[in-house]
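Quick note on numbering: the sequence shown equals residues 108 to 272 in this note's numbering. Here the structure is laid out as structure tokens; the discussion comes afterwards.
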Amino acid sequence: MISTFLVEHASLFRAGFWVVVVLAAVLAWVLHRLRLRGVLLGLSAVSLVAAFVLTLLPDGTRPGGVSCTVQFSVPFQGLDTLANVALLLPLVLFLGAATGRPLTVLAGAVALSAGIEAVQALAPALGRRCDTNDWFMNTVGAVLAAAIALAMCRIDRRRGTTVNA
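Okay, here's the thing in structure tokens:
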């Protein structure tokens, strides 16, 4: 149902992805500047739950069984790739802005993605397949979000120093 819609409207999905990234960055920036850390943490929690729901709920479309693809290619094409880039991006962006430690959050997100892939490999009842490229694309999205959050934090620190100087 949703995958059919995405395939039929692939160009809208690609454009929408970048629009959502910009809107999320603006939202994170505004909340960070207003010092609404609780709201950023709440958005981080919602993002984490969404990532778990999207990756760890049983998938009834695939037969149970362990299936894990180990490959190290650069799959920068297709909607699945973009979805994997987007998976942890909001979590890293909001949590990085909330804590002011986007590189630490990035390290945790990379480990989280590896953990998700391990669970998918070790829990055949989920009917999911692990793939090293999924981990890689999750990491690409997390790096993008960490870079945005890091830029926000550095700009904020510079403004703080120039205001107090």
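All C-beta atoms in this analysis are idealised placements derived from N, C-alpha and C, irrespective of residue type, glycine included.
Item: Of the listed residues A249, C260, F120, W242, nearest to F179 (C-alpha basis); Value: W242
Item: Continuous alpha helix (DSSP H) stretch holding G165: start and end; Value: It is Pro, not Gly, that sits at residue 165 in the sequence shown. Note, P165: premise wrong, no alpha helix (DSSP H); not H, not E.
Item: Contacting residues, own chain, Cβ-Cβ under 6 Å from P209 (five flanking each side not counted); Value: G203, A253, A256, L257
Item: Closest residue to C237 among V226, V153, L189 (Cα-Cα distance); Value: V226
Item: Own chain partners of T269 with C-beta closer than 6 Å, once the 5 adjacent residues on each side are dropped; Value: With a pLDDT of 46 at T269, under the threshold of 50, the modelled position of that residue is not reliable, and no figure is offered here.
Item: Straight-line Cα distance separating A158 from G267; Value: 34 Å
Item: Closest Cα partner of C260 within the set V247, N240, G234, L200; Value: L200
Item: Residue range of the unbroken alpha helix (DSSP H) whose run includes F201; Value: 196 to 206
Item: Three CB pairs or more closer than 8 Å across the region 186 to 201 and the region 116 to 130; Value: yes
Item: Neighbourhood of M63 by C-beta distance below 6 Å, restricted to the same chain and skipping five residues each side; Value: Outside the shown range of the chain (108 to 272) lies residue 63, about which nothing can therefore be said.
Item: Helix, strand or coil at M108 according to DSSP, with G and I counted as helix; Value: Because the pLDDT at M108 is just 48, under 50, the model does not fix this residue reliably, and the value given afterwards should be weighed accordingly. Looking at M108 - three-state DSSP - the assignment turns out to be coil, as it is neither helix nor strand.
Item: C175 - partner residues in DSSP beta bridges; Value: C237
Item: H139, DSSP secondary structure in three states; Value: helix
Item: T176 and N240 closer than 9 Å at C-beta; Value: yes
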